[in-house]
Every structure is written in C-alpha cells, then in structure tokens.
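Asks: First residue of the sequence shown? That's 2 in our numbering, and the numbers climb one at a time after it.
Just passing along the structure, written as structure tokens.
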Amino acid sequence: MKVEFNNLLAELKKGVYHPVYMLCGEEPYFIDCISNYIEKNVLPDDEKDFNLSVIYGKDSNMSNVLDSALRLPMMSEHNVIVVKEAQNLSDFDKDAGNDALSKYINHPTESTILVFCVKKKLDSRKKIYKEIEKNCILFESSPLEDRNMAAWITNYLKDKDRIIEPQTAELLAAQLGNNLTIVTNELDKLLILSSAKTITSKEVEENVGISKEFNVFELQKAIGARDMFKSIQIAQHLGRNPKNSIIPNIALLFTFFYKVMLYHESPSKDDASLLAYIGANRFFLMDYKIAARNYSLAQCAQVMSILREFDAYSKGIDAPSIGDEELLREMTIKILLC
C-alpha cells in the first residue's frame with residue numbers, strides 16, 4: 002500500500018506497525034526520517050540489544066536479510082530489522098533476490114518489522130513492484146520542487162517553534178537548493194547559533210553566511226531596476242564566492258523574467274489578480290512591477306535567450322575560458338544592455 006510521509010509518520014507515532022516497509026526514492030531525507038524513527042522508537046532500549054538489527058546493503062544479500070526476518074523476537078513483541086542502502090544488497094532487484102522477497106512479503110513473520118531503505122526509485126513496470134505495492138507499506142520519496150522549498154523551510158522552523166520572514170525563507174531556498182539533508186543541516190546550525198524567535202536576513206547572514214546585500218534576489222532586483230553599478234557589484238561578489246554556484250543563479254533569473262513576461266500578459270493589473278496569474282510571492286511583486294517598466298515583453302524574451310546561452314556555458318557547453326565571476330559579470334552586462 003502506498004502511503005504519504007506525514008500519514009506514515011503519524012501512524013508510527015500512534016504505535017501502528019506493519020511487517021514490511023519499503024522506503025524508496027531519490028530524496029534520502031524522508032527515508033532517513035522514517036527509518037530513524039522506527040530504529041529509535043519501536044523498541045525500548047533494554048530490548049534493542051537482542052531484537053534490533055541494522056544491516057548495510059553492501060555487507061549482505063536479500064537471502065541473509067530474510068533469514069534474519071524469520072527469527073522470532075527474544076522477550077519482546079517485535080524483531081526490528083532496518084536495511085540501510087538496501088539497493089546495494091548483492092542480489093537486490095535480481096531474479097534470485099526478487100523471488101526470495103516475493104515469497105517473504107506474501108507470508109511475512111508477523112512479529113518482525115522489516116524496513117528496506119532504498120535510495121533510488123523502483124521500477125514500477127516490474128512484477129515485484131506490484132507485489133510490494135500490494136503486500137508492503139510502500140513510501141516513495143521524491144525531491145521537493147524548488148518552488149516549494151521556501152514553504153518547506155518555513156514549516157520546518159515552525160515545528161521548531163521558530164518563525165522566519167517570508168523573504169528570508171525565499172533567500173535560503175534559493176541559496177541552499179532542494180537537497181534536504183544540506184538544508185536541514187544549515188537550519189539546525191542556525192537554530193543552535195541564533196536564539197532569535199524570528200529568523201531574519203540578519204541571523205542568516207551572521208550564522209549561515211548568506212549576505213543580505215549580495216545574493217541572487219538582490220541581483221535580480223538590481224537587474225530589474227536596470228541599476229548597472231549595483232548589478233555588476235553583486236554579480237562580482239556572487240562570482241567570487243566559492244560556495245555560490247552560477248547554475249541556480251541563472252535558473253532563478255530565468256524564473257524571474259518568465260514571471261515578468263506573465264506580468265505583461267496578465268489581463269488585470271491589480272495586485273491580487275497579478276499574484277494569482279504569475280504565481281508570485283507578494284514580497285517580490287514590486288520587483289516584478291519595476292522590471293516590467295524597464296523591460297518590454299520582447300526584451301524579456303531576449304533576456305531569457307541570454308540566460309539559456311549562459312546556462313549552457315555554465316554547464317561546459319561551448320564555454321569561454323573564463324571563471325564564474327567573469328561569466329556572471331558578462332551575463333549581467335549583456336542583460337542590462339538588451
């Protein structure tokens with residue numbers, strides 16, 4: 002049975018357990034959250050020595066794992082087996098491994114809680130997938146889309162009893178990307194270093210190292226206003242920062258000018274209609290308005306063409322022999338002159 006992350010975690014917290022969990026997908030954060038909860042909370046500490054097994058895929062195979070799953074618990078209600086990096090089992094997704102898994106999940110040991118942590122997508126076309134879907138708790142962990150990261154950061158901090166300014170959440174999302182392990186590491190570091198109830202750009206600059214003056218949002222704002230001096234200043238600062246990658250900067254500028262194009266095409270120019278039509282955060286609406294005054298629809302299309310060109314350069318396609326600082330500076334000037 003397929004389940005969603007929040008529903009699965011809520012069920013576990015209520016003490017509702019199932020014989021086999023298949024946690025799979027390309028976003029390891031959610032897989033680790035669930036497996037760690039099971040590992041830490043299902044058994045009391047005094048029962049873990051005999052009834053909790055953590056197996057690493059590279060050190061085992063499906064047959065050995067399932068042999069362990071057949072073992073009855075010792076003075077406990079459950080025998081818990083967590084298979085980490087299960088995709089590395091020597092016979093994982095091979096005929097022998099699939100046959101053994103199929104046999105087990107059709108008649109599992111009811112006292113065993115067997116958790117497979119598979120850090121990749123399963124092939125839904127295969128027969129074994131259908132059997133897993135029918136007989137196991139199947140959780141598929143997908144990476145969050147970039148546009149959802151700011152909301153996820155906000156909710157993560159809310160669960161920690163902290164508030165974050167919307168524009169600061171957007172800044173963190175833009176700079177940290179959508180690798181949730183990296184994002185949560187930085188957020189947890191921020192929570193330790195700052196006692197502020199409300200997280201602002203000041204706390205982020207001081208504790209995470211993202212400048213409130215020299216970041217991609219300030220760059221898009223300066224470019225939108227056609228402020229040549231400030232745009233180049235920010236571009237050079239970003240280009241010199243070894244932690245900054247030009248690729249997400251280009252992607253965010255592309256999204257910005259795409260929304261400026263939508264602004265031009267919006268049938269209504271009142272704020273509520275604009276926000277709904279272009280899908281913008283209200284904190285950035287004025288930036289879109291200013292950019293729309295400075296760039297016509299045709300100029301926006303030209304800017305997007307420039308961004309595609311430099312996106313290819315940033316990925317090594319016909320790239321000139323210059324570093325990120327010069328590449329970002331050249332791209333910025335080219336946009337401002339279009």
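C-beta: ideal position from N, C-alpha, C; glycine also.
(1) Go through the segment 2–79 residue by residue and report every complete run of the alpha helix (DSSP H) that reaches 4 residues or more, in order.
(2) Can you round the beta-carbon distance between residue 187 and residue 172 to whole angstroms, since I take them to be within the 8 Å contact cut?
(3) Only counting the same chain, and skipping five residues up and downstream in sequence, which positions put a Cβ closer than 6 Å to that of residue 202?
(4) Quick check on residue 142: does DSSP put it in helix, strand or coil?
(5) Look at the Cβ atom of residue 56, then the Cβ atom of residue 79, and state whether they are nearer than 7 Å.
(6) With the cut-off set at 7 Å, would you say residue 11 and residue 58 are in Cβ contact?
(7) Could you tell me the boundaries of the beta strand (DSSP E) in which residue 110 lies?
(8) Counting only the same chain and skipping the five closest in sequence on each side, list residues whose C-beta sits under 7 Å from that of residue 237.
(9) When DSSP builds the beta bridges, which residues end up paired with residue 81?
(10) With distance defined between alpha-carbon atoms, name the residue in 91, 118, 92, 111 nearest to residue 39.
(11) Can you have a look at residue 322 and say buried or exposed, based on whether 16 or more other CB atoms are within 10 angstroms of its CB?
(12) Kindly provide the ranges of any beta strand (DSSP E) runs that are 3 or more residues long and lie completely inside the segment 165–243, ordered along the chain.
(13) Between the Cα of residue 63 and the Cα atoms of 47, 166, 94, 243, which residue gives the shortest distance?
(14) So residue 263 packs on residue 276, CB below 8 Å; how close in whole Å?
(15) Hey, would you say residue 36 sits closer than 7 Å to residue 83, going by beta carbons?
(16) Under a Cβ-count criterion, where at least 16 other Cβ atoms within 10 Å of its own Cβ denotes burial, should residue 174 be classed as buried or exposed?
(17) Would residue 278 and residue 267 be called neighbours here (beta carbons separated by less than 7 Å)?
(18) Relative to the ligand SAH, is the shortest distance from any of its heavy atoms to the C-beta of residue 334 smaller than 6 Å?
(19) Run the CB neighbour count on residue 182, radius 10 Å, all protein chains shown included, and call it buried at 16 or more, exposed below.
(20) Look at the alpha carbon of residue 180 and the alpha carbon of residue 148, and state the distance between them as a whole number of angstroms.
(21) Around the C-beta of residue 281, are 16 or more other C-beta atoms found within 10 angstroms, so that it is buried, or is it exposed?
(22) Looking only at its own chain, which residues have a Cβ that is under 8 Å from the Cβ of residue 233, when we skip the five neighbours before and after it?
(23) Below 8 Å on the Cβ atoms is my guess for residue 26 versus residue 135; work out the distance and round it to an integer in Å.
(24) In angstroms, rounded to a whole number, what distance separates the CA positions of residue 43 and residue 99?
(25) Can you give me the start and stop residues for the alpha helix (DSSP H) that residue 301 sits inside?
(26) Have a look at 313, 270, 154, 307 and flag the residue whose alpha-carbon is nearest the alpha-carbon of residue 293.
(27) Any idea if residue 243 is buried or exposed, counting beta-carbon neighbours within 10 angstroms, 16 or more meaning buried?
(28) Can you name the residues that DSSP bridges to residue 261?
(29) Closest by CA to residue 81, which one among 89, 92, 69, 91?
(30) Does the Cβ-Cβ distance between residue 315 and residue 224 come in under 7 Å?
(31) Residues in its own chain within less than 6 Å of residue 226 by CB, not counting five upstream and five downstream?
(32) Given this structure, state the Cα-to-Cα distance separating residue 155 from residue 283, to the nearest angstrom.
Replies: According to the data block:
(1) 6–14, 29–42, 46–52, 63–70
(2) In fact, because the Cβ distance is near 12 Å, the residues do not count as touching under 8 Å.
(3) 169, 213
(4) strand
(5) no
(6) no
(7) No beta strand (DSSP E) holds residue 110; DSSP gives it neither H nor E.
(8) 326, 330
(9) 53, 114
(10) 118
(11) exposed
(12) none
(13) 94
(14) About 11 Å; that fails the 8 Å criterion.
(15) yes
(16) buried
(17) yes
(18) As presented, the structure is devoid of all ligands, the ligand SAH included, so that no description of it is given.
(19) exposed
(20) 13 Å
(21) buried
(22) 330, 333, 334
(23) About 19 Å; that fails the 8 Å criterion.
(24) 27 Å
(25) 298–315
(26) 270
(27) exposed
(28) Bridge partners of residue 261: none, in fact.
(29) 69
(30) no
(31) 291
(32) 16 Å
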